[in-house]
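The structure appears right after this line, and notes come after that.
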């Protein structure tokens, strides 16, 4: 009875002071845990401010265009996922999941919703630029605000479908006296049927959330560069640099997380504590990408220094304005090429 009483009192002390229970996570990875918390904290604060500013600008200070619709929804997705980061910080600081099972389901579903929405919008932005460069006349006639709105709604609905496995299979579970929020496909959790479901969720996440978007964004960047070089627009450095940065940032920040997911899939036990901490650490890099997305579109170009020393709202207005977004510094052309250039620059 005395042992039970002491255990109960210890459990209550742990709930009252969650930071005193780091033993639920491997002590040898303590530096990684606090580094992850630091990255999440910085990306959350900075990302909420910057993406919030983008939301304010696109809602109240700018006219509705296809470009502003893309960036409003991208900023909304990034803003939402960064708004939920304090829950991840609390989870890491306490060493275990201290919230209810419903919170476990809803939190991961929200993260997945905004994650896939952000990635799909980055793909849409790349495809949109590619169409403008390759088919400027078609883009002028068919690229409308109404269609952009419907596409944005479709992206959110498609991302919502991907949340289903997290709402159904995500739950809380005990391991060595600690509570974790993780997948549980059946009671045994490690039989062949459970492994099949776990494998399906991970592979679909890897394909839809990383490999396919990376291939599309990379292809669009290649086609745009090839078109600019073929037409002799060698001085159009801004779109090439911007797309190169977009592809590089997407790969650098999300590749570690997706590789960690695949490694986690190959483990015999899905509750490997070291691997769970590594997943959180690599996820924090993805949060940095959500924080940096606005800067990739504001501060890239020949007038970097000029924009940097201007007020941020003015820089955002210039970067997200329909004219500023597509009016690249192409050399003056003549005849048919002049018409193509004018069409491209006024999209």
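Residue numbers (the numbering used here): 1204 to 1550.
Ideal placement from N, C-alpha and C gives every residue a C-beta, glycine not left out.
Owing to the predicted nature of the structure, the values given are computational and were not obtained by experimental measurement.
>> Looking at residue 1480: is its Cβ nearer than 8 Å to the Cβ of residue 1305?
In response: Cβ distance not < 8 Å, so residue 1480 and residue 1305 don't count as in contact.
> Which ranges would you report for the alpha helix (DSSP H) in the segment 1301-1376 if only whole runs of at least 4 residues count?
Replying inline: 1304-1337, 1339-1345, 1348-1364, 1367-1372
> In the DSSP assignment, what are the bridge partners of residue 1279?
Replying inline: Looking at the DSSP assignment, residue 1279 forms no beta bridge with any residue, so it has no partner.
> Residues bridged to residue 1575 by DSSP?
Replying inline: Because the chain in this structure spans residues 1204 to 1550, residue 1575 falls outside the shown range and cannot be described.
>> For residue 1234, report the span of its alpha helix (DSSP H) as first-last.
In response: DSSP places residue 1234 inside the alpha helix (DSSP H), whose first and last residues are 1233-1259.
> Since residue 1323 and residue 1362 are thought to touch, with beta carbons under 8 Å apart, how far apart are those beta carbons, to the nearest angstrom?
Replying inline: For a cut-off of 8 Å, the C-beta gap from residue 1323 to residue 1362 is around 6 Å, short enough to register as a contact.
> How should residue 1451 be labelled, buried or exposed, when 16 other C-beta atoms within 10 angstroms of its C-beta is the threshold for buried?
Replying inline: exposed
>> According to DSSP, simplified to helix, strand and coil, what is residue 1489?
In response: helix
> Secondary structure at residue 1265, three-state DSSP: helix, strand or coil?
Replying inline: DSSP places residue 1265 in the coil class of the three-state scheme, outside both helix and strand.
> In this structure, does DSSP put residue 1529 in helix, strand or coil?
Replying inline: The predicted position of residue 1529 is uncertain, since its pLDDT is 46 and thus under 50; no value can be drawn from it.
> Per DSSP, what kind of secondary structure is residue 1387 in: helix, strand or coil?
Replying inline: coil
> Taking the alpha carbon of residue 1477 as the point to measure from, which residue in 1399, 1491, 1262, 1383 has its own alpha carbon closest?
Replying inline: 1383
>> How far does the alpha helix (DSSP H) with residue 1426 in it extend, from its first residue to its last?
In response: 1415-1433
>> Measuring only the C-alpha atoms, how far is residue 1488 from residue 1351?
In response: 29 Å
> Whose C-beta lies closer than 7 Å to the C-beta of residue 1239 among residues of the same chain, with five residues either side of it excluded?
Replying inline: Around residue 1239, the same chain offers 1295, 1483, 1484, 1487 as residues with beta carbons nearer than 7 Å, after the five sequence neighbours per side are excluded.
> From 1468, 1254, 1271, pick the residue whose C-alpha is nearest to that of residue 1261; which is it?
Replying inline: 1271
>> Check this for me: beta carbons of residue 1332 and residue 1423, under 8 Å apart or not?
In response: yes
> Where do the ends of the alpha helix (DSSP H) carrying residue 1295 lie?
Replying inline: From DSSP, the alpha helix (DSSP H) with residue 1295 extends over 1288-1297.
> Relative to the C-alpha of residue 1319, which residue among 1414, 1459, 1448, 1400 is closest?
Replying inline: 1414
> For the putative contact between residue 1259 and residue 1375, defined by C-beta atoms under 8 Å, what is the C-beta separation to the nearest angstrom?
Replying inline: Residue 1375 and residue 1259 do not touch by the CB rule: their CB atoms are close to 37 Å apart, not below 8 Å.
>> I'd like to check one pair, residue 1454 with residue 1417: are the Cβ atoms closer than 8 Å?
In response: yes
> Are the CB atoms of residue 1401 and residue 1468 nearer to each other than 8 Å?
Replying inline: yes
> Just to confirm, are residue 1358 and residue 1327 a CB contact at a threshold of 8 Å?
Replying inline: yes
> Whose CA, out of 1242, 1378, 1273, 1266, lies closest to the CA of residue 1285?
Replying inline: 1242
> If we call anything under 8 Å between Cβ atoms a contact, is residue 1329 one with residue 1419?
Replying inline: yes
>> For residue 1257, count the other beta carbons within 10 Å of its own beta carbon; 16 or more makes it buried, fewer makes it exposed. Which is it?
In response: buried
>> Measuring straight from C-alpha to C-alpha, what distance separates residue 1457 and residue 1343?
In response: 34 Å
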